[in-house]
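S.K.: Got a structure for you, questions after.
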Amino acid sequence: MCYILRKERWGAVLFNSSKRKYWLLNDTAFFMIKKLLIYKDRTVNSKILDFVKKMSMTIDNTRIVEFSNDFYPLTSPLYVDWYITPKCNLKCKYCFLTPQFWEIPELNIFSKHVIANQLVTSGVFEVTLLGGEPLMDVAVLLEIVQILTSNYIKVDISTNGLLLQKFTKYVSEFDIDKELVTISVSIQSLDPVILEKLTGFRYEIRQIFLKIEKLLQNNWNVAVTTVLTHLNIEEIPKIFEKCSKIGIKSYTIFYPYTSTYISLQAIPSLSDILALRNKLRKLKEQKDIRSCYHLVGAFNFLLFNSNKMLTHIKDEHPFNKLGTLFCKAGITKLDILPDGSVVPCILFPPNSWKLGNLLEGTSLRDIWGANKKLYRLRDRKYPKKCKECIWKETCRGGCAGESYNKYMSIDRPDPRCPIIKGEKWNAIQN
Ligand code: SF4
Ligand code: SF4
């Protein structure tokens, strides 16, 4: 288990890479860690967990939580999504990337090294590598993973799985700490016909599972993800069961973006989503299913976690509230495009939301610290239409990118919200 520390103006952030959990330390706690000599390089001895937990209670909560644009509590993002290549080997209908994304020029390996080093020097804790398909150029990808993990950054590789044999073939040539890597494989259906409808190609999903099993045998962390659509909603419990059987511990369902609705010309209805939730709950009750599922991307608290999440938010340490704000764009994360441009999130069009470019002499810390567009996102209040909603303080109107793309404003509610669409609250809560 690895703990990573980042110095901040008021103390330090501590990150547990196995559990993906963050703590705050005040100056005194940070000083004591240094004195006890348990802080080496960026890592902290795991034996100090109890000590750290105690010290993290001593933080001046008020000062940390009442941040303004002059005092933002973080000097750089906690995590970054890096769209490392626009190349892809599938044409998925559920893909949320715009036609403009595919035209972005890709950087050469030297420029990618510059970006990887920027992520290291700015103290980012987690990086997701996406594309396109990040395994299209596996040697380049593995070089980047090596740079990041040798500096204790946790890496998630988001892949469609078709090129996993290349990963297995070449990975031994690199010095990579497996504990710091998760390979997230996107699986949309077990049915070849549905799979072809969704991905644009016919391929054997059985082969992908065989590759996953090989990775698991070699002690790699593998997660599986599915984008929820009306075409594969019946498939999701089957995928979940299959994942559990082969020992996958994390299964994530992504709530689709509006662009997916448009390309698929239909959305799953709320009653279908609730029926899915109930099926998954029943499966989870069975003893032999140990994987956990998550719904991310929109309204997971509404549909899957309900009041449990609300209690959790109320009890949370104020700093962690930053993490529980529904939209993380500019709050704890930024996105990097294939040409090195930085945007709050991939959903924001770069022509109006580009914050800078890491190859044009601006550092990630500079972009993070002094950018009026990020001030706007951090300062975002819940929209008037949401005033009756019990989730308004944490949701703040949902996905800012969806709101911007629909209304050219981040101050309107997410157009996908079931409540805003007039669904009955009771139906969601049960
Ligand atoms: S009503 Fe508004 S605040 Fe509530 S869940 Fe929907 S978008 Fe979020
Ligand atoms: S803009 Fe939407 S997709 Fe991006 S971080 Fe916010 S909620 Fe997530």
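According to the numbering used here, the sequence shown is numbered sequentially starting from 52.
Using N, Cα and C, we set each Cβ at its ideal position, and we do this for glycine too.
Just so we're clear, the structure is a prediction, and the values are computed from it rather than from any experiment.
Does at least one heavy atom of ligand 2 sit under 6 Å from the Cβ of L199?
M.R.: Taking the first residue of the sequence shown as position 1, residue 199 is located at position 148. No, ligand 2 has no heavy atom inside 6 Å of this Cβ.
S.K.: Under 8 Å Cβ to Cβ from D226, same chain only, skipping five residues before and after it: list those, please.
M.R.: Indexing the sequence shown from 1 puts residue 226 at position 175. For D226, where only same-chain residues beyond five positions count, the Cβ hits under 8 Å are Q197 and S201.
S.K.: Residues around ligand 2, please: the condition is that the C-beta lies closer than 5 Å to some non-hydrogen atom of it.
M.R.: Qualifying residues come out as C378, K379, A380, C396, L398, C450, A451 and G452.
S.K.: Which residue from P464, V165, L75 and V275 puts its Cα closest to that of T445?
M.R.: To locate residue 445, count along the sequence shown from 1; it is residue 394. Cα-wise, what sits closest to T445 is P464.
S.K.: Assuming I304 contacts T277 under a Cβ cut-off of 8 Å, what Cβ separation, rounded to an integer in Å, is found between them?
M.R.: Residue mapping note: residue 304 aligns to position 253 of the sequence shown, counting from 1. Residue mapping note: residue 277 aligns to position 226 of the sequence shown, counting from 1. That pair is a contact at about 5 Å.
S.K.: Which class does I155 belong to by DSSP, given the choice of helix, strand or coil?
M.R.: Position 104 of the sequence shown, counting from 1, holds the residue named residue 155. I155: coil per DSSP, three-state reduction.
S.K.: Looking at the unbroken beta strand (DSSP E) that takes in K205, where does it start and where does it end?
M.R.: On the sequence shown, position 154 is the one that residue 205 refers to. Here the beta strand (DSSP E) through K205 covers K205 to T210.
S.K.: Using the three-state DSSP reduction, which class does F147 fall into: helix, strand or coil?
M.R.: Your numbering for residue 147 matches position 96 in the sequence shown. Coil.
S.K.: Between L409 and Q169, how many whole angstroms is the CB-CB distance? I'm expecting something under 8 Å.
M.R.: Here residue 409 refers to the residue found at position 358 of the sequence shown. Here residue 169 refers to the residue found at position 118 of the sequence shown. Yes, they are in contact, since the Cβ atoms of L409 and Q169 sit about 5 Å apart, within 8 Å.
S.K.: So within the stretch 433 to 461, which uninterrupted alpha helix (DSSP H) runs reach at least 4 residues, ignoring any that extend past its ends?
M.R.: Correct list: 443 to 446 and 451 to 458.
S.K.: Within the present structure, is the beta-carbon of G448 separated from the nearest heavy atom of ligand 1 by less than 6 Å?
M.R.: Mapped onto the sequence shown, residue 448 falls at position 397. Correct: G448 has its Cβ closer than 6 Å to ligand 1.
S.K.: Decide if the stretch 126 to 146 is in contact with the stretch 172 to 188; the criterion is three or more beta carbon pairs, one per stretch, under 8 Å apart.
M.R.: Because the criterion of three Cβ pairs below 8 Å is met, the stretch 126 to 146 and the stretch 172 to 188 touch.
S.K.: Quick one: does the C-beta of P483 sit closer than 6 Å to a heavy atom of ligand 1?
M.R.: With the chain represented from 52 up to 481, any question about residue 483 goes unanswered, as that position is not in the structure.
S.K.: Between the stretch 388 to 408 and the stretch 155 to 173, do at least 3 Cβ pairs fall closer than 8 Å?
M.R.: With a cut-off of 8 Å, the stretch 155 to 173 and the stretch 388 to 408 count as touching, because enough Cβ pairs lie within range.
S.K.: Compute the Euclidean distance between the alpha carbons of G251 and T172, then round it to the nearest angstrom.
M.R.: As a first step, residue 251 is located in the sequence shown; it is residue number 200 there, counting from the start. As a first step, residue 172 is located in the sequence shown; it is residue number 121 there, counting from the start. Computed Cα separation, rounded: 40 Å.
S.K.: For L325 and I284, I'd like the C-alpha separation in whole angstroms.
M.R.: On the sequence shown, residue 325 is found 274 positions in, with the first residue counted as 1. On the sequence shown, residue 284 is found 233 positions in, with the first residue counted as 1. Spanning the two alpha carbons is a distance of roughly 11 Å.
S.K.: Helix, strand or coil for L261, going by three-state DSSP, please let me know.
M.R.: Position 210 of the sequence shown, counted from the start, is the residue given in the question as residue 261. Helix, per DSSP.
S.K.: Alpha carbon to alpha carbon, how far is S310 from S454? Give it in angstroms, no decimals.
M.R.: To locate residue 454, count along the sequence shown from 1; it is residue 403. To locate residue 310, count along the sequence shown from 1; it is residue 259. Answer to the nearest angstrom: the Cα atoms are 12 Å apart.
S.K.: Could you check which residue in P434, P128, Y54 and L181 has the C-alpha nearest to that of L148?
M.R.: For the purposes of this step, residue 148 is taken as residue 97 along the sequence shown, with counting starting at 1. When only C-alpha atoms are compared, the closest one is L181.
S.K.: Any idea what DSSP makes of C557, helix, strand or coil?
M.R.: The question about residue 557 has no answer, for the chain in this structure spans 52 to 481.
S.K.: Measuring CB to CB, does I245 end up less than 7 Å from L282?
M.R.: Residue numbering aside, residue 245 sits at position 194 when the sequence shown is read from its first letter. Residue numbering aside, residue 282 sits at position 231 when the sequence shown is read from its first letter. Cβ atoms of I245 and L282: closer than 7 Å.
S.K.: Please go through the same chain and pick out, in chain order, the residues whose beta-carbon is closer than 7 Å to the beta-carbon of E286, but skip the five residues on each side of it.
M.R.: By 1-based counting over the sequence shown, the position of residue 286 is 235. If we look at E286 and ignore the five residues flanking it on each side, its Cβ neighbours are S240, L241, D242 and I245.
S.K.: Straight-line CA distance for C294 to L261?
M.R.: To locate residue 294, count along the sequence shown from 1; it is residue 243. To locate residue 261, count along the sequence shown from 1; it is residue 210. Each residue's Cα considered, the two are about 12 Å apart.
S.K.: In three-state terms, what does DSSP make of A317?
M.R.: To locate residue 317, count along the sequence shown from 1; it is residue 266. DSSP places A317 in coil when its eight states are reduced to three.
S.K.: Could you compute how far the alpha carbon of I382 sits from the alpha carbon of P128?
M.R.: What you label residue 382 is simply residue 331 of the sequence shown in a count that begins at 1. What you label residue 128 is simply residue 77 of the sequence shown in a count that begins at 1. Roughly 8 Å separates the two Cα atoms.
S.K.: With 16 as the cutoff for other CB atoms within 10 Å, does S482 come out buried or exposed?
M.R.: Outside the shown range of the chain, which is 52 to 481, sits residue 482, and nothing can be said about it.
S.K.: Who are K384's beta bridge partners in DSSP?
M.R.: Stepping through the sequence shown from its first residue, residue 384 is reached at position 333. Looking at the DSSP assignment, K384 forms a beta bridge with Y130 and A380.
S.K.: In the DSSP assignment, the alpha helix (DSSP H) including W404 goes from what residue to what residue?
M.R.: Within the sequence shown, the letter at position 353 stands for residue 404. Taken as a continuous stretch (DSSP letters only), the alpha helix (DSSP H) holding W404 covers P401 to W404.
S.K.: Consult DSSP for I304 and reduce its assignment to one of helix, strand or coil.
M.R.: Along the sequence shown, read from residue 1 onward, the residue named residue 304 stands at position 253. Of the three classes helix, strand and coil, the one that applies to I304 here is strand, per DSSP.
S.K.: Classify P389 as buried or exposed, calling it buried when 16 or more other Cβ atoms lie within 10 Å of its own Cβ.
M.R.: In the sequence shown, counting from the first residue as 1, residue 389 sits at position 338. Under this definition P389 is a buried residue.
S.K.: Confirm the yes/no value for this check: CB of I483, any heavy atom of ligand 1, distance under 6 Å.
M.R.: The chain is shown only over 52 to 481; residue 483 falls outside these bounds and no answer can be derived.
S.K.: Is K435 near ligand 1, in the sense that its beta carbon is under 6 Å from a heavy atom of that ligand?
M.R.: Residue mapping note: residue 435 aligns to position 384 of the sequence shown, counting from 1. Incorrect: K435 has no Cβ contact closer than 6 Å to ligand 1.
S.K.: For N159, does the count of other Cβ atoms within 10 angstroms reach 16, so buried, or fall short, so exposed?
M.R.: Reading the sequence shown from its first residue, position 108 is the one you call residue 159. Exposed, because fewer than 16 other Cβ atoms sit within 10 Å of the Cβ of N159.
S.K.: Would C378 pass as a contact of A274 if the rule is Cβ separation under 7 Å?
M.R.: Walking along the sequence shown from the start, residue 378 turns up at place 327. Walking along the sequence shown from the start, residue 274 turns up at place 223. For C378 and A274, no; Cβs fall outside 7 Å.
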